[in-house]
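Read the structure below first, then the notes.
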Amino acid sequence: MSNPNSPYNQALGQTLIERSVREKIVIVGVTLDGHDDEETETSLDELELLIDTAGADVAGRLVQRRDTPDHTWYVGKGKAEELRDLCLAVDADTVVFDNELSPGQQYNLEKLLGRTAIDRTAVILDIFAQNAHTLEGKAQVELALLRYRLPRLRRGANAKLSQQRGGVGSRFGSGETKLEVDRRRIKNRISRLEQELVELGHTRDLQRKGRSRSGLANVVIVGYTNAGKSTLLNRLTNAGVLVEDRLFATLDPTTRRLSLPGGEPVLLTDTVGFVRRLPHGLVESFKSTLEVATRADYLVHVVDGSGPDPDGQIDAVREVLREIGADTVPELLVFNKADLDPRAVADAVTWHPGSVGISAHAGTGIDLFLQTLSDRLRSLSTVVELLVPYERGDVLAAIHREGEVVSTTHEQDGVRVRARLAEASAGRLSEFVVGERA
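So, in structure tokens, the structure goes:
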């Protein structure tokens, strides 16, 4: 049982209790101008998966086409009343909009519907809150929750927060009478969390600098949530990372050492999964974690090749990479889950030249993937020629450990070594370099 008085749990707006009964949810999607109905249905299907991950069940679905959102309820008044009738018919606890609601629209909907109304962002935050385990992960999630909750504070009918309700969406409360006090407390807590994350970021930078001094190439696995990133890391390194068939099972990055077919070692890092319309506040809060992708030498972009919309998932991931400034890092597209749909994965590889198809679960295609990654990294490295005195066995060991030795020649003054080395390693061993070529 979590401590209900901790700042982290207070940010959730309720005492964290186990849910004995799954909530009934009605989901709502609005097809706005410039979008089509198929896109809306696909997004609602994903929202249904998110809600299942959050621990609730979808009992009904409502869709409307509009040119622009209604200022009061997002949907039109007639559709809002239809939504109220649907909620009564299925005895829904909560309504979740796939579109982002303003604080005013959320308030008006709750008054009309007589039940909690939230949006997609709140569901994603709820899932992250359930899955955060490390100190940094909890701080990042709490910061995102508070940033989301701050503009939604309002004066309620009761003189206290509705903190004891369980379930999706109730983590954010309905507001309290001491509105300004709450706002000030939240702003102070946000400031403290931002400072904590800066300090944790400094620690992460020191760890990163330590890894960079090792001279090893840094390969980061990115991809859509539940694409199989952690399964791939476990397959390659026996990392023991939690693997579940659910969204956002991994929030905290894990780094392991991997030896490629040529013998050259690299650092391989797993990251949090992305999703369509990942809330900007969440990207901001997790920026220190996501920045691992900006510092990578190469990205391994894992895609669920058996899914209904691999290209849409690729676009969503690349959009987040652009937002954090990692879109210039070279990537290798890897279509996963060939064990579930071999034809779909094979077709995806055909449509995306240079990509590879694998099954991280079954192990098929892994050898080709590793060879391709090795070739890509080798093309980025430099062949350096070094003359190492015979008494400097430590330097020879470092060359073998950090790079790929192409040839060795024993001469009178020492061992002449031609090796592929990363820039950091070549710089550290510069006193022994006698020549290099691209």
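The numbers in UniProt numbering rise by one with no breaks, and the one at position 11 of the sequence shown is 11. Virtual Cβ for every residue (Gly too), placed ideally from N, Cα, C.
| Item | Value |
| --- | --- |
| Taking the beta strand (DSSP E) that V388 falls in, what are its first and last residues? | 382-388 |
| Assuming G263 and E404 make a contact with CB atoms under 8 Å, what is their CB distance in whole Å? | 6 Å |
| Could you give the first and the last residue of the continuous alpha helix (DSSP H) run that contains K229? | 229-237 |
| Which full runs of the beta strand (DSSP E) of 3+ residues lie inside the region 115-157, going along the chain? | 116-119 |
| Would you mind sorting G175 into buried or exposed? The rule is 16 or more other CB atoms within 10 Å of its CB. | For G175, the predicted model reports a pLDDT of 46, less than 50, meaning its position is unreliable; a value from the coordinates is still stated below. Buried, since its Cβ has 16 or more Cβ neighbours within 10 Å. |
| What does R420 pair with, by DSSP beta-bridge criteria? | V383, E404 |
| In three-state DSSP terms, what is T254? | strand |
| Can you tell me the Cα-Cα spacing of L193 and G414, whole angstroms? | 55 Å |
| Can you grab the Cα-Cα spacing for the pair T116 / S43, in whole Å? | 21 Å |
| Helix, strand or coil, according to DSSP, for G34 in the structure here? | coil |
| Could you give the DSSP three-state label for Q412: helix, strand or coil? | coil |
| Could you tell me which of V272, V395, L282, R295 sits nearest to L386, measuring between CA atoms? | V395 |
| Going by beta-carbon coordinates alone, are A316 and V275 separated by less than 8 Å? | yes |
| Between V220 and L278, how many whole angstroms is the CB-CB distance? I'm expecting something under 8 Å. | V220 to L278, Cβ: 17 Å. No contact. |
| Could you give the DSSP three-state label for S191: helix, strand or coil? | helix |
| Exposed or buried, which one is K160 when buried takes at least 16 other CB atoms within 10 Å? | Its pLDDT being 40, under 50, K160 is placed unreliably by the model, and the measurement read from it follows with that caveat. Exposed, since its Cβ has fewer than 16 Cβ neighbours within 10 Å. |
| Are the region 327-338 and the region 353-360 in contact at 8 Å, needing three or more beta carbon pairs? | yes |
| Roughly how many whole angstroms lie between the Cα atoms of E81 and G223? | 39 Å |
| Reducing DSSP to helix, strand and coil, say where R376 ends up. | helix |
| For A57 versus I25, is the C-beta spacing smaller than 8 Å? | Checking the sequence, you will find Asp at residue 57 rather than Ala. Yes, Cβ-Cβ distance for D57 and I25 is below 8 Å. |
| Measure the C-alpha to C-alpha separation of G228 and I27 and round it to an integer number of angstroms. | 27 Å |
| In the DSSP output, what is E291 paired with across the bridge? | In the DSSP output, where bridge partners are listed per residue, E291 has none listed. |
| Given this structure, state the Cα-to-Cα distance separating I314 from L179, to the nearest angstrom. | 42 Å |
| Just to confirm my understanding: we take D67, look at its own chain, exclude 5 residues before and 5 after, and list those with CB closer than 6 Å. What are they? | D33 |
| Pull up the distance between the alpha-carbon of R152 and that of R185, whole angstroms please. | 14 Å |
| Considering only C-alpha positions, which residue in the set L125, E331, D126, A422 is nearest to P265? | A422 |
| Using alpha carbons as the reference points, say which of L135, V292, P353 lies closest to A326. | V292 |
| Measuring CB to CB, does S374 end up less than 8 Å from L260? | yes |
| Give me, in chain order, the residues of the same chain whose beta-carbon lies closer than 7 Å to that of N108; leave out the 5 immediate sequence neighbours on both sides. | T72, W73 |
| What is the residue span of the beta strand (DSSP E) that D327 lies within? | Counting along the chain, D327 falls outside any beta strand (DSSP E), and DSSP gives it neither H nor E. |
| So what's T68 in DSSP terms, helix, strand or just coil? | coil |
| Pull the bridge partners of H301 from the DSSP assignment, please. | V222, L333 |
| Between the alpha carbons of C87 and N188, how many angstroms are there, rounded? | 38 Å |
| If you reduce the DSSP assignment to three classes, tell me which class R61 lands in. | strand |
| Cβ atoms of D98 and L47: under 8 Å apart, would you say? | yes |
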